[in-house]
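Enquirer:
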Amino acid sequence: MNGTNISTKDAAREIIGGIGELAKKINRPLRFMEVCGTHTAEIFRAGLRQILPENVTLVSGPGCPVCVTPDEYMDKAIAYAKSRDVIIATFGDMLKVPGSVSSLAEAKGEGARIEIVYSPMDALAIAQKNPGKKVIFLAVGFETTAPTAAATVLAAKEQNADNFFMLSAQKLVPPAIKMLVADPDVKVDGFILPGHVAAITGTKEFNFVAEELNLPAAVAGFTPISILRAVWRLLRQTHEGRAVVENEYKSVVGYEGNKVSKDITAKVYAVGDALWRGLGEIPQSGLKMRKEFAEFDIEKILPPKVKPAPKKTACRCGEVLKGLITPKDCPLFAKACEPSHACGPCMVSVEGVCAAWYKYGRDKFAAEFSAHRP
Numbered sequence: 262m263n264g265t266n267i268s269t270k271d272a273a274r275e276i277i278g279g280i281g282e283l284a285k286k287i288n289r290p291l292r293f294m295e296v297c298g299t300h301t302a303e304i305f306r307a308g309l310r311q312i313l314p315e316n317v318t319l320v321s322g323p324g325c326p327v328c329v330t331p332d333e334y335m336d337k338a339i340a341y342a343k344s345r346d347v348i349i350a351t352f353g354d355m356l357k358v359p360g361s362v363s364s365l366a367e368a369k370g371e372g373a374r375i376e377i378v379y380s381p382m383d384a385l386a387i388a389q390k391n392p393g394k395k396v397i398f399l400a401v402g403f404e405t406t407a408p409t410a411a412a413t414v415l416a417a418k419e420q421n422a423d424n425f426f427m428l429s430a431q432k433l434v435p436p437a438i439k440m441l442v443a444d445p446d447v448k449v450d451g452f453i454l455p456g457h458v459a460a461i462t463g464t465k466e467f468n469f470v471a472e473e474l475n476l477p478a479a480v481a482g483f484t485p486i487s488i489l490r491a492v493w494r495l496l497r498q499t500h501e502g503r504a505v506v507e508n509e510y511k512s513v514v515g516y517e518g519n520k521v522s523k524d525i526t527a528k529v530y531a532v533g534d535a536l537w538r539g540l541g542e543i544p545q546s547g548l549k550m551r552k553e554f555a556e557f558d559i560e561k562i563l564p565p566k567v568k569p570a571p572k573k574t575a576c577r578c579g580e581v582l583k584g585l586i587t588p589k590d591c592p593l594f595a596k597a598c599e600p601s602h603a604c605g606p607c608m609v610s611v612e613g614v615c616a617a618w619y620k621y622g623r624d625k626f627a628a629e630f631s632a633h634r635p
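For the sequence shown, the numbering used here begins at 262 and goes up steadily by one.
1) Check the C-beta distance from V506 over to V470 and give it rounded, since I have them as a contact under 8 angstroms.
2) Rounding to the nearest angstrom, what Cα-Cα distance links R289 and H500 in this structure?
3) Let's test the definition: count the other Cβ atoms within 10 Å of the Cβ of A443 and tell me whether it reaches 16, buried, or not, exposed.
4) Do the region 292-306 and the region 356-363 touch if we need at least three Cβ pairs shorter than 8 angstroms?
5) Would you list the one or two residues that DSSP bridges to S321?
6) Report the partner residues of C598 according to the DSSP bridge assignment.
7) In angstroms with no decimal places, state the Cα-to-Cα distance between A340 and A373.
8) Is P408 closer than 8 angstroms to I525 when the C-beta atoms are compared?
9) First and last residue of the alpha helix (DSSP H) that includes R374?
10) Would DSSP call Q389 helix, strand or coil?
11) In chain order, what residues of the same chain have a beta carbon less than 6 angstroms from the beta carbon of K369, not counting five sequence neighbours either side?
12) Could you name the residues of the same chain whose beta carbon sits closer than 8 angstroms to that of S364, not counting the 5 residues immediately before and after it, in chain order?
13) Cα separation between V347 and G605?
14) Straight-line CA distance for P326 to R538?
15) In chain order, what residues of the same chain have a beta carbon less than 8 angstroms from the beta carbon of L428, not counting five sequence neighbours either side?
16) To the nearest angstrom, report how far apart V414 and P588 are at their CA atoms.
17) What's the call for Q389, buried or exposed, on a 16-neighbour Cβ count within 10 Å?
18) Ordered along the chain, which non-local residues of its own chain (more than five positions away) have a Cβ less than 8 angstroms from that of E509?
19) Which ranges would you report for the beta strand (DSSP E) in the region 526-550 if only whole runs of at least 3 residues count?
20) Give me the residue from Q311, T269, I312 and C328 with the minimum Cα distance to R577.
21) Suppose contacts are defined by Cβ-Cβ distances below 8 angstroms. Is I461 in contact with K523 by that definition?
22) Using a 10 Å radius around the Cβ and a threshold of 16 neighbouring Cβ atoms, would you call H457 buried or exposed?
23) Using 8 angstroms for Cβ pairs, my map puts F441 next to G322. What's the rounded Cβ distance?
24) Have a look at F293 and E612 and give me their C-alpha separation to the nearest angstrom.
25) Which runs of the alpha helix (DSSP H) at least 4 residues long sit entirely within the region 457-507? Give them in chain order.
26) Closest by CA to K528, which one among Q311, K511 and R551?
27) Would you grab the beta carbon distance between A437 and S546 for me? Rounded to a whole angstrom, and I think it's under 8 angstroms.
28) Verify the contact flag: K589, CB atom, against every heavy atom of the ligand NAP, threshold strictly below 7 angstroms.
29) Buried or exposed: P569, going by 16 or more other Cβ atoms within 10 Å of its Cβ?
30) Suppose contacts are defined by Cβ-Cβ distances below 8 angstroms. Is G451 in contact with G515 by that definition?
31) Pull up the CB-CB distance for P455 and C297, whole angstroms please, since I reckon it's below 8 angstroms.
32) Between which two residues does the alpha helix (DSSP H) holding T269 run?
33) Please classify F403: does DSSP put it in a helix, a strand, or coil?
34) Of all the options A504, A410, E404 and A416, which has the alpha carbon lying nearest to the alpha carbon of P435?
35) Verify whether the separation of the beta carbon atoms of N421 and K394 is less than 8 angstroms.
36) So what's K432 in DSSP terms, helix, strand or just coil?
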């Protein structure tokens, strides 16, 4: 792809043409997986899946932190929420995530005090204004949000905020990618790597995709052009028979990542095993608060009283998260399960693949590109 100053539409046509030429030369089915919820939403919004050659398929992996939050975590959050002396502080998309029998929205309707916040620092401010309450922030996210959560814990310690706590479910993306490739049912030919996560970790943390898994990889930004260029890079690597990690988001992502953010996270959190919805327990894929900060870990201070979550069978979110099926293959999709009444987290979050399918017409074409499909 050349770097001349051309219009966005002309650039798109050029990239799509290059993708088409490479796809014809390779002449076999290819599946590339994105592992970022923002990529998933943009791919559907722009209709990128439809403008690719028929032998090139984009599949959505576990790139939405809300979607991979398991029943067990939600059950703990709901149990805490029902305590009279507790205020739950959370991002808005956690409200309707189903636990095994209920949700935070239902608990709120029954009188639980649940505050919507935009950052963990907002939760700390709530704790300062409510000294008689235990304020619990639901720390759900990937490498992108972990530094902010860690910085809030450091601030709470400095302020001696003895009524501020975290219920942590921070997760790491690279171990999930390794688990997916190790699953014989999950067949992918390359990865579109998450730009937000890579901005923190650096591309260095994803070298294993090429070096150990021998798969092409490309970090992408969040415009349709950047995503298409990442697809072109994956096809070019496939055609040339090589596997490297390429960076299509150099304005934000470097090789080493953000050292300050990584140092803050490492100061507060240690790596440990974590449970992912639909994927099970993945070794060394989560962040646990270090013992030096145990006074802010609500599970250490007040262990939750919850019963083991019963197994669900109708929602097929786990298979969707692995890219084994598409949302339309789930019998609940767009019927019992829709945004106003979601049966699974993949429909709850705006970054969930089921929500993207539902919002953007399941498989709509992007008008400005559809005529140029190779």
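Heads up, the beta-carbon is just placed ideally off N, CA and C, and yes, glycines get one too.
Expert: Walking through what the data contain:
1) 6 angstroms
2) 11 angstroms
3) exposed
4) no
5) E295
6) F594
7) 10 angstroms
8) yes
9) Where R374 is concerned, there is no enclosing alpha helix (DSSP H), although the beta strand (DSSP E) it sits in stretches over R374 to I377.
10) helix
11) I375
12) M335, I339, L356, K357 and V358
13) 26 angstroms
14) 10 angstroms
15) Y334, K337, A338, Y341, I397, F398, L399, A400, I559 and E560
16) 38 angstroms
17) exposed
18) A479, V480, A481, G482, S487, R490, A491 and R494
19) 530-537 and 541-550
20) C328
21) yes
22) buried
23) Inspection of the sequence shows that residue 441 is occupied by Leu rather than by Phe. Their Cβ separation, rounded to whole angstroms, is 6 angstroms, which keeps L441 and G322 in contact under 8 angstroms.
24) 18 angstroms
25) 468-472 and 485-501
26) R551
27) 6 angstroms
28) As presented, the structure is devoid of all ligands, the ligand NAP included, so that no description of it is given.
29) exposed
30) no
31) 3 angstroms
32) T269 to I287
33) coil
34) E404
35) no
36) strand
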